[in-house]
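A.B. asks: Residue numbers are given in full-length UniProt numbering: position 15 of the sequence shown equals residue 15, and the series is strictly consecutive. I'd like to ask some things about the structure below.
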Amino acid sequence: MASWSAPSPSLVEYFEGQTSFQCGYCKNKLGSRSYGMWAHSMTVQDYQDLIDRGWRRSGKYVYKPVMDQTCCPQYTIRCHPLQFQPSKSHKKVLKKMLKFLAKGEISKGNCEDEPMDSTVEDAVDGDFALINKLDIKCDLKTLSDLKGSIESEEKEKEKSIKKEGSKEFIHPQSIEEKLGSGEPSHPIKVHIGPKPGKGADLSKPPCRKAREMRKERQRLKRMQQASAAASEAQGQPVCLLPKAKSNQPKSLEDLIFQSLPENASHKLEVRLVPASFEDPEFNSSFNQSFSLYTKYQVAIHQEAPEICEKSEFTRFLCSSPLEAEHPANGPECGYGSFHQQYWLDGKIIAVGVLDILPYCVSSVYLYYDPDYSFLSLGVYSALREIAFTRQLHEKASQLSYYYMGFYIHSCPKMRYKGQYRPSDLLCPETYVWVPIEQCLPSLDNSKYCRFNQDPEAEDEGRSKELDRLRVFHRRSAMPYGVYKNHQEDPSEEAGVLEYANLVGQKCSERMLLFRH
């Protein structure tokens with residue numbers, strides 16, 4: 001591989017003021033409000049820092065919702081892949097795919113994982129990242145409702161325990177596990193014995209401490225080894241004692257990459273292709289990928305086929321301002337924009353558009369073949385992307401998050417992203433990450449919220465020295481302090497200040513703001 005050289009600086013053109021669009025969620029004609037800029041080019045580090053301040057890209061257009069004014073506030077959401085455990089519904093989707101690949105089985109009847117029809121009508125009208133990935137038709141329960149239902153269920157179980165004596169029941173710790181990191185594979189069961197002097201049932205085994213149980217397991221293991229050694233010495237077949245069942249849940253990778261029989265009905269291959277017309281693989285698959293996009297838009301968004309032009313497809317899903325980078329300490333594929341293609345039996349059935357950045361994999365969009373909706377490709381691709389992030393983390397240790405675009409609590413159909421846990425929401429005022437469990441009660445009361453509970457906290461990354469901001473004027477890069485000395489229009493500074501406050505001090509010093 002050629003030696004890596006530092007990328008050229010980002011070059012952006014900021015559109016002063018706010019832009020209003022029809023909201024893709026509530027359909028308010030001019031309710032969706034955002035700031036925007038055109039990125040002629042952008043480094044992956046600059047884009048990483050921008051999305052950590054609430055920005056998002058659609059093609060080369062980079063926009064930031066006006067959170068306290070837009071009709072449906074859009075909060076940046078990120079998942080923690082390293083701590084992620086698939087829920088029961090996630091496992092169901094993965095098993096469904098394995099059955100289809102192995103035996104060609106297709107789920108019948110009502111499938112709760114069918115993707116719903118999304119509401120985006122324009123790239124910047126709503127979340128262009130994962131809006132089509134809703135595979136659960138029911139709304140996500142609020143934290144308080146969920147916690148209340150679990151607690152009431154436990155109270156009923158505790159009542160029955162008092163009546164019937166010692167029984168196994170779900171420990172309250174499971175509430176935190178279900179809410180904090182997704183529903184665990186198995187509920188945490190604790191054997192509860194009656195209190196001393198309260199008429200213990202001697203017919204039932206007493207409650208044993210964890211230390212005693214560990215000793216018992218070690219004793220059984222020693223017996224197993226001794227029995228096997230004795231049998232081998234006497235030339236007898238080895239008869240092992242039954243192994244204790246492990247309560248360790250299967251990892252996401254175990255569920256995704258299970259081996260298939262040699263005579264499997266179908267073959268699925270996932271390919272990562274740079275989103276660049278200079279890449280031979282991207283070029284050779286472009287027409288098939290575009291045909292899939294057209295089929296998806298017509299079936300899911302009811303667009304007329306003639307509206308789905310190659311130029312639109314290229315502008316929004318192929319063109320990217322991100323410059324590809326291949327530093328020595330980065331992932332093998334490098335950083336930049338990619339298409340993750342899902343090939344089934346030699347044809348593309350889904351494409352996930354991804355940005356691989358220094359600290360995260362950012363999901364941009366997904367389109368898929370509607371004929372395979374029964375496979376819940378929205379959920380399946382999200383789980384594959386989480387596993388992919390974990391894989392990249394092994395080579396690039398800083399890359400440890402999966403960004404899912406925007407979470408819109410005021411739109412019930414968009415709450416599904418909160419099901420991938422543990423996850424955080426970005427505070428729209430101080431730009432710190434807050435666990436989603438702490439945010440949901442506030443969002444139930446108000447669609448716009450400041451998640452940082454410290455009233456004294458400020459935006460630490462805000463612009464503090466405007467003169468250090470960099471501009472590009474007459475083919476030259478210079479500090480704004482130098483540039484403004486040659487300008488006669490003092491009103492220009494208001495737009496520059498607005499831009500600086502939105503992108504923050506770090507980006508304002510690195511990116512070049514184009515000036516006419």
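No residue lacks a Cβ here, since even glycine has one placed at the ideal position from N, Cα and C. Because the structure is a prediction, the values reported are computed rather than measured.
1. Considering just the uninterrupted stretch of the alpha helix (DSSP H) at C507, what are its terminal residues?
2. Which complete alpha helix (DSSP H) runs does the UniProt domain "N-end aminoacyl transferase N-terminal" (22-92) hold, if anything under 4 residues is left out?
3. Among C333, G504, Y365, K91, whose alpha-carbon lies nearest the alpha-carbon of I356?
4. Assign F316 to one of two classes, buried (16 or more other C-beta atoms within 10 Å of its C-beta) or exposed (fewer than that).
5. Taking only the alpha-carbon atoms, compute the straight-line gap between E253 and S5 and give it to the nearest angstrom.
6. Report the three-state DSSP secondary structure of K250 (helix, strand or coil).
7. To the nearest angstrom, report how far apart R57 and T314 are at their CA atoms.
8. Quick check on DSSP: helix, strand or coil for P261?
9. Can you grab the Cα-Cα spacing for the pair K417 / Y407, in whole Å?
10. At the level of alpha carbons, what is the spacing between E269 and A324?
11. According to DSSP, is P455 helix, strand or coil?
12. Just to confirm, are G59 and S319 a CB contact at a threshold of 8 Å?
13. Skipping 5 residues on each side, what residues in its chain have a beta carbon closer than 7 Å to that of N329?
14. Looking at C-beta atoms only, is the number of pairs between the segment 65-77 and the segment 373-381 that lie closer than 8 Å three or more?
15. For the putative contact between P428 and G54, defined by C-beta atoms under 8 Å, what is the C-beta separation to the nearest angstrom?
16. Please identify the residue among R462, Y480, H516, P490 whose C-alpha is closest to the C-alpha of R474.
17. Between P305 and Y296, what straight-line distance do the alpha-carbon atoms span, to the nearest angstrom?
18. Given a cut-off of 8 Å, decide if F286 and P274 are closer than it, judged by their beta-carbon atoms.
19. Comparing alpha-carbon positions, which option in S32, L11, E13, V298 lies nearest F21?
20. CB-CB under 6 Å to S337, same chain, minus the five flanking residues each way: which ones, in chain order?
21. Starting from L426, follow its DSSP beta bridges and name the residues at the other end.
22. Would you mind sorting I51 into buried or exposed? The rule is 16 or more other CB atoms within 10 Å of its CB.
23. Can you give me the Cβ contacts of L502 inside the same chain, cut-off strictly under 7 Å, excluding the 5 residues immediately before and after it?
24. C360 and Y402: beta carbons closer than 8 Å?
25. E385 bridges to which residues according to DSSP?
26. Once DSSP output is grouped into helix, strand and coil, what is the label at V324?
27. Quick check on this structure: which residue in H393, V298, S289 has the alpha carbon closest to the alpha carbon of G346?
28. Use the C-beta contact count for A500: other C-beta atoms within 10 angstroms, 16 or more gives buried, fewer gives exposed.
29. Which full runs of the alpha helix (DSSP H) of 4+ residues lie inside the segment 344-396, going along the chain?
30. How big is the Cα-Cα spacing for Y293 and K88?
31. From the DSSP output, in three-state form, read off W11 for me.
32. Here's the rule: buried if 16 or more other CB atoms are within 10 angstroms of the residue's CB, otherwise exposed. What is D46?
33. Taking the alpha helix (DSSP H) that H301 falls in, what are its first and last residues?
34. Do Q341 and E353 have their beta-carbon atoms positioned less than 8 Å apart in this structure?
35. Going by the beta-carbon positions, is the gap between L260 and L101 smaller than 8 Å?
C.D. replies: Taking the geometry as given:
1. Position 507 of the sequence shown holds residue 507. That run of the alpha helix (DSSP H) goes 492-510.
2. DSSP runs (the alpha helix (DSSP H)) wholly in the UniProt domain "N-end aminoacyl transferase N-terminal" (22-92): 44-51.
3. Taking the sequence shown and counting its residues from 1, one reaches residue 356 at position 356. Considering only alpha carbons, the answer is C333.
4. What you label residue 316 is simply residue 316 of the sequence shown in a count that begins at 1. That one is buried.
5. Taking the first residue of the sequence shown as position 1, residue 253 is located at position 253. Taking the first residue of the sequence shown as position 1, residue 5 is located at position 5. If you take the alpha carbons of E253 and S5, they lie about 35 Å apart.
6. Here residue 250 is taken as the residue at index 250 of the sequence shown, counted from 1. The answer is coil: DSSP assigns K250 none of H, G, I, E or B.
7. Sequence index remark: in the sequence shown, residue 57 carries index 57 (1-based). Sequence index remark: in the sequence shown, residue 314 carries index 314 (1-based). When the Cα atoms are used, R57 and T314 turn out to be separated by approximately 14 Å.
8. Looking up residue 261 in the sequence shown gives position 261. In this structure, DSSP gives P261 a state outside helix and strand, which the three-state scheme calls coil.
9. Your numbering for residue 417 matches position 417 in the sequence shown. Your numbering for residue 407 matches position 407 in the sequence shown. When rounded, the distance between both Cα atoms is 6 Å.
10. As a first step, residue 269 is located in the sequence shown; it is residue number 269 there, counting from the start. As a first step, residue 324 is located in the sequence shown; it is residue number 324 there, counting from the start. Rounded to the nearest angstrom, the two C-alpha atoms are 24 Å apart.
11. Translated into positions along the sequence shown, residue 455 becomes position 455. Coil at P455, not helix or strand.
12. The residue you call residue 59 lines up with position 59 of the sequence shown. The residue you call residue 319 lines up with position 319 of the sequence shown. Yes, these two residues count as a Cβ contact at 8 Å.
13. Indexing the sequence shown from 1 puts residue 329 at position 329. Here N329 has A396 as same chain residues with Cβ atoms under 7 Å from its own Cβ, once five neighbours each way along the sequence are excluded.
14. Touching, no, given that fewer than three Cβ pairs across the two stretches are closer than 8 Å.
15. Counting from one through the sequence shown, the residue named residue 428 turns up at place 428. Counting from one through the sequence shown, the residue named residue 54 turns up at place 54. 6 Å between Cβ atoms; contact.
16. On the sequence shown, position 474 is the one that residue 474 refers to. The alpha carbon of R474 has as its nearest neighbour, out of R462, Y480, H516, P490, the alpha carbon of H516.
17. Within the sequence shown, the letter at position 305 stands for residue 305. Within the sequence shown, the letter at position 296 stands for residue 296. When rounded, the distance between both Cα atoms is 10 Å.
18. Here residue 274 refers to the residue found at position 274 when the sequence shown is read from its first residue. Here residue 286 refers to the residue found at position 286 when the sequence shown is read from its first residue. In this structure, the beta-carbon distance from P274 to F286 does not fall below 8 Å.
19. Reading the sequence shown from its first residue, position 21 is the one you call residue 21. Nearest C-alpha to F21: S32.
20. Indexing the sequence shown from 1 puts residue 337 at position 337. Same-chain partners within the cutoff: A275, S320, L322, D355.
21. Taking the sequence shown and counting its residues from 1, one reaches residue 426 at position 426. Beta-bridge pairing links L426 to W433.
22. Translated into the one-based positions of the sequence shown, residue 51 becomes position 51. Classified as buried, I51 has 16 or more neighbouring CB atoms from the shown chains inside 10 Å of its CB.
23. For the purposes of this step, residue 502 is taken as the residue at position 502 of the sequence shown. Correct list, in chain order: Y35, K64.
24. Numbered from 1 along the sequence shown, position 360 holds the residue referred to as residue 360. Numbered from 1 along the sequence shown, position 402 holds the residue referred to as residue 402. Yes, these two residues count as a Cβ contact at 8 Å.
25. Numbered from its first residue, the sequence shown carries residue 385 at position 385. When beta bridges are read from the DSSP output, E385 appears opposite no residue.
26. The sequence position of residue 324 within the sequence shown is 324, counting from 1. It should be noted that the sequence gives Ala, not Val, for residue 324. DSSP, read as helix, strand or coil, puts A324 in coil.
27. Translated into positions along the sequence shown, residue 346 becomes position 346. Nearest of H393, V298, S289 to G346, Cα basis: S289.
28. Your numbering for residue 500 matches position 500 in the sequence shown. So A500 ends up on the buried side.
29. Qualifying alpha helix (DSSP H) stretches, in chain order: 377-395.
30. Taking the first residue of the sequence shown as position 1, residue 293 is located at position 293. Taking the first residue of the sequence shown as position 1, residue 88 is located at position 88. Rounded to the nearest angstrom, the two C-alpha atoms are 30 Å apart.
31. Here residue 11 refers to the residue found at position 11 of the sequence shown. Correcting the residue type first, residue 11 is Leu in the shown sequence and not Trp. Strand at L11.
32. Translated into the one-based positions of the sequence shown, residue 46 becomes position 46. By the C-beta density criterion, D46 is buried, having at least 16 other C-beta atoms within 10 angstroms.
33. For the purposes of this step, residue 301 is taken as residue 301 along the sequence shown, with counting starting at 1. Counting along the chain, the unbroken alpha helix (DSSP H) around H301 starts and ends at 280-301.
34. Taking the first residue of the sequence shown as 1, we reach residue 353 at position 353. Taking the first residue of the sequence shown as 1, we reach residue 341 at position 341. Per the sequence shown, residue 353 should be read as Val rather than Glu. The Cβ atoms of V353 and Q341 do not sit closer than 8 Å to each other.
35. Taking the first residue of the sequence shown as position 1, residue 260 is located at position 260. Taking the first residue of the sequence shown as position 1, residue 101 is located at position 101. A contact, by the Cβ cut-off of 8 Å.
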